[in-house]
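**Student:** Supplied in structure tokens, the structure appears directly below.
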Amino acid sequence: MAHPAEFTIPLWLLLPFALLLLCIAIAPLSPAGLKHWWEHNFLFVSLGLAGCVAAYYLAQVPGGGGQLVHTLHEYFSFITLIGSLFVVAGGIHIKVRGEATPFGNVIFLLIGAALANVIGTTGASMVLIRPYIRMNKIRISAFHIVFFIFLVSNVGGALTPIGDPPLFLGYLRGVPFFWLIEHIFLRWLLVVGALLAVFYVLDRRSFGRVPAKIQHEIEAPDTWRFEGGVNVILLFVIIGAVFLPEKYFLRELTMLAGAAASYFLTPKPVHAENHFSFGPIKEVAYLFIGIFVTMLPALGYLELHGKEFGLTRPAHYYFASGSLSAVLDNAPTYVNFLKLAEVSAAAAHPAEFAAAVASGHETAVVQTLLERAPALVMAVSLGAVFFGAMTYIGNGPNFMVKSIAESAGVHVPTFFGYILKYSLPLLLPILALASLGL
Numbered sequence: 000m001a002h003p004a005e006f007t008i009p010l011w012l013l014l015p016f017a018l019l020l021l022c023i024a025i026a027p028l029s030p031a032g033l034k035h036w037w038e039h040n041f042l043f044v045s046l047g048l049a050g051c052v053a054a055y056y057l058a059q060v061p062g063g064g065g066q067l068v069h070t071l072h073e074y075f076s077f078i079t080l081i082g083s084l085f086v087v088a089g090g091i092h093i094k095v096r097g098e099a100t101p102f103g104n105v106i107f108l109l110i111g112a113a114l115a116n117v118i119g120t121t122g123a124s125m126v127l128i129r130p131y132i133r134m135n136k137i138r139i140s141a142f143h144i145v146f147f148i149f150l151v152s153n154v155g156g157a158l159t160p161i162g163d164p165p166l167f168l169g170y171l172r173g174v175p176f177f178w179l180i181e182h183i184f185l186r187w188l189l190v191v192g193a194l195l196a197v198f199y200v201l202d203r204r205s206f207g208r209v210p211a212k213i214q215h216e217i218e219a220p221d222t223w224r225f226e227g228g229v230n231v232i233l234l235f236v237i238i239g240a241v242f243l244p245e246k247y248f249l250r251e252l253t254m255l256a257g258a259a260a261s262y263f264l265t266p267k268p269v270h271a272e273n274h275f276s277f278g279p280i281k282e283v284a285y286l287f288i289g290i291f292v293t294m295l296p297a298l299g300y301l302e303l304h305g306k307e308f309g310l311t312r313p314a315h316y317y318f319a320s321g322s323l324s325a326v327l328d329n330a331p332t333y334v335n336f337l338k339l340a341e342v343s344a345a346a347a348h349p350a351e352f353a354a355a356v357a358s359g360h361e362t363a364v365v366q367t368l369l370e371r372a373p374a375l376v377m378a379v380s381l382g383a384v385f386f387g388a389m390t391y392i393g394n395g396p397n398f399m400v401k402s403i404a405e406s407a408g409v410h411v412p413t414f415f416g417y418i419l420k421y422s423l424p425l426l427l428p429i430l431a432l433a434s435l436g437l
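So for the sequence shown, numbering that gives the first Met the number 0 puts the first residue at 0; every next one is plus one.
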């Protein structure tokens, strides 16, 4: 919903949004005392900052109440999808006996990258990280975890709105479900293929250091067992619900029904083996209510002043949205740069965008953007998803995977070790390659 032309966003109103994102980025890495305080109080911080913005919009912004209602509706749709996928993924358990060869790991990660587009990067990460650790238990090392984060927790989920949270926000704003697959598949394949090639070289070297007798044992056939089959059906129920109309919250109610059925039908031993709890999704829900409300002024500011930023080419949007996604949450980053892309394209096609704005539907504005400047949408989408892999805080599943690996006794890189040893020298050149031709 657009801000009235006569209303000017005061710069101080951007502070709650910036402060919340700064807390999310820094608090988990802070000394134990501050980290402990944040873990017990982040809900109050999130709601408090959101309350400040909501109060201002209700009191001072023309039509502010309507904008808040629209934002809360969007938040509800967003958290319903993420939460439903989380619950269903928590009811699926894969048991594996045996050890993986380098080629076996490549196939596993490729499947995980593709699966991320079906059950989300969070769902795929939670389903696959434990069996991945078990199947490499003899020689598991830091790079195994890092490339899992690269491929399954981030890059893999770039093809559908289900894959990564920012893309679902784009879907809610009017980007068709299959639009990204049609426009970015080759770039996705390039990045995934390049990462798998680098991983294979590293894993082949690691495998070569294993004694020959153990190598022979590793190359013996693996045995797999799948538990929680009812959740596969419920998974397709949730995916199908994405295509239902918004009227009467039919889409969200269907997703919630699927999640409830999963929780009560999944055998307790499966949940126990997955160490399932609602803690992670509650944290996401609490933080994102603050993010959705506090980013309202940022979106309005971009709408009013975006053309002053000097971003003109799709590659500018790719690296700009990617840079912020690496250190902040990629969902609000995506929304902000999508809005900026609208402003930039509207300057070149004022009549078309004026008509779309006059319709009163945000989806009409996005549809006009897709028609007039599709490369900008591609650039923002790829930047937000791909660069989330650059740090542990770039995307929600990253820290969850790190935590699970550490609890399993795996040595993982420090925050800066992850960046300096893996992200900058290995990931960034591949992501830069993906920008060619944008």
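Glycine included, every Cβ here is placed at the ideal spot set by N, Cα and C.
Note that the structure is a prediction, hence the values are computed from the model and not measured.
(1) Which same chain residues, not among the five before or five after Tyr56, have their C-beta less than 8 Å away from its C-beta?
(2) Would you report the Cα separation of Gly408 and Leu301, rounded to the nearest angstrom?
(3) Alpha carbons only, please: which of Ser422, Val60, Thr311, Phe149 is nearest the one belonging to Val191?
(4) Using only alpha-carbon positions, find the residue among Gly82, Val236, Gly436, Leu249 that is nearest to Met377.
(5) Determine the burial state of Lys338: buried for a count of at least 16 other Cβ atoms within 10 Å of its Cβ, exposed for fewer.
(6) Using a Cβ-Cβ cut-off of 7 Å (strictly less than) and excluding sequence neighbours within five positions of Val365, which residues of its own chain qualify?
(7) State whether the segment 77-92 contacts the segment 230-248, with contact taken as three or more CB pairs (one from each stretch) at a distance under 8 Å.
(8) Under 8 Å, do Val52 and Pro15 count as touching if we go by C-beta distance?
(9) If you draw a straight line from the alpha carbon of Pro412 to that of Ala141, how long is it in whole angstroms?
(10) Spatial neighbours of Leu430 within its chain, please: CB distance less than 6 Å, with the 5 preceding and 5 following residues excluded, ordered by chain position.
(11) Where does Lys401 land, buried or exposed, given buried means 16+ other C-beta within 10 angstroms?
(12) Considering just the uninterrupted stretch of the alpha helix (DSSP H) at Ser406, what are its terminal residues?
(13) What distance in whole Å lies between the Cβ atoms of Asn329 and Asn444, which are believed to be in contact at a cut-off of 8 Å?
(14) Applying the criterion that 16 or more other CB atoms from any shown protein chain within 10 Å of the CB defines a buried residue, is Ser76 buried or exposed?
(15) Among Ala193, Arg203, Ile139, whose alpha-carbon lies nearest the alpha-carbon of Phe102?
(16) Hey, would you say Val154 sits closer than 8 Å to Ala112, going by beta carbons?
(17) May I have the straight-line CA-CA distance separating Phe85 from Val209, to the nearest angstrom?
(18) In terms of residues, what are the limits of the alpha helix (DSSP H) holding Phe85?
(19) On the three-state DSSP scale, how would you describe Arg208?
(20) If Thr367 sits next to Ala325, beta carbons under 8 Å apart, how far is it from one beta carbon to the other, in whole angstroms?
(21) Pick out the complete alpha helix (DSSP H) segments inside the segment 304-378, 4 residues or longer, and give them in chain order.
(22) Starting from His270, trace the alpha helix (DSSP H) in both directions and tell me its first and last residue.
(23) What do you reckon, are the CB atoms on Ala344 and Arg371 nearer than 8 Å?
(24) To the nearest angstrom, report how far apart Val356 and Ala363 are at their CA atoms.
(25) Enumerate in chain order the residues of its own chain whose CB-to-CB distance from Arg250 is below 6 Å, with the five nearest sequence positions on each side excluded.
(26) Whose CA, out of Ile392, Lys34, Val117, lies closest to the CA of Ile237?
(27) Is the distance from the Cβ of Thr159 to the Cβ of Phe184 below 8 Å?
(28) First and last residue of the alpha helix (DSSP H) that includes Arg250?
(29) Check this for me: beta carbons of Gly80 and Ser45, under 8 Å apart or not?
(30) Between Ala4 and Ala157, what straight-line distance do the alpha-carbon atoms span, to the nearest angstrom?
(31) Just list the residues that DSSP pairs Ile93 with in beta bridges.
(32) Please list the terminal residues of the continuous alpha helix (DSSP H) segment that includes Trp36.
(33) Based on Cα-Cα distance, which residue from Glu226, Leu114, His274 lies nearest to Thr94?
(34) By Cβ distance below 6 Å, which residues in the same chain neighbour Ser434 in space, the five residues on each side in sequence not counted?
(35) With Leu13 and Ala297 assumed to form a contact (beta carbons below 8 Å), what rounded beta-carbon distance in angstroms separates them?
(36) What is the C-beta distance between Tyr417 and Phe287, in whole angstroms, given that I count them as a contact (C-beta under 8 Å)?
**Tutor:** Let me spell this out:
(1) Gly63, Gly64, Gln66, Leu67, Leu295
(2) Cα to Cα, Gly408 sits roughly 45 Å from Leu301.
(3) Phe149
(4) Gly436
(5) Lys338 is buried by the Cβ-count criterion.
(6) Arg172, Gly173, Val174
(7) yes
(8) yes
(9) 6 Å
(10) Phe385
(11) If you draw a 10 Å sphere on the C-beta of Lys401, you find 16 or more other C-beta atoms in it, and that means buried.
(12) 395-406
(13) Absent from the model: residue 444. The displayed extent of the chain is 0 to 437, so no value can be given.
(14) buried
(15) The option with the nearest alpha carbon to Phe102 is Arg203.
(16) The answer is yes: Cβ separation under 8 Å.
(17) 36 Å
(18) 63-89
(19) coil
(20) With 8 Å as the limit, Thr367 and Ala325 do not qualify as a contact, their Cβ atoms being about 30 Å apart.
(21) Scanning the segment 304-378 from its first residue to its last, the whole alpha helix (DSSP H) runs of 4-plus residues come out as 313-326, 329-347, 349-357, 361-371.
(22) Unbroken alpha helix (DSSP H) run through His270: 267-272.
(23) yes
(24) A direct Cα-to-Cα measurement between Val356 and Ala363 gives close to 7 Å.
(25) Ala240, Leu243
(26) Val117
(27) no
(28) 249-264
(29) The question names Gly, but residue 80 is Leu in the sequence shown. No, the pair does not count as a contact, with Cβ atoms beyond the cut-off.
(30) Only weak support exists for where Ala4 lies, its pLDDT of 49 falling under 50; the value from the coordinates is given anyway. Looking at the two C-alpha atoms, the distance is approximately 35 Å.
(31) Phe225, per the DSSP bridge assignment.
(32) Unbroken alpha helix (DSSP H) run through Trp36: 31-59.
(33) Here the sequence assigns Lys to residue 94, which means Thr is not the residue at that position. Residue Glu226 is the option with its Cα nearest to Lys94.
(34) Ala314, Tyr317
(35) 6 Å
(36) Incorrect: roughly 24 Å between the Cβ atoms, too far for contact.
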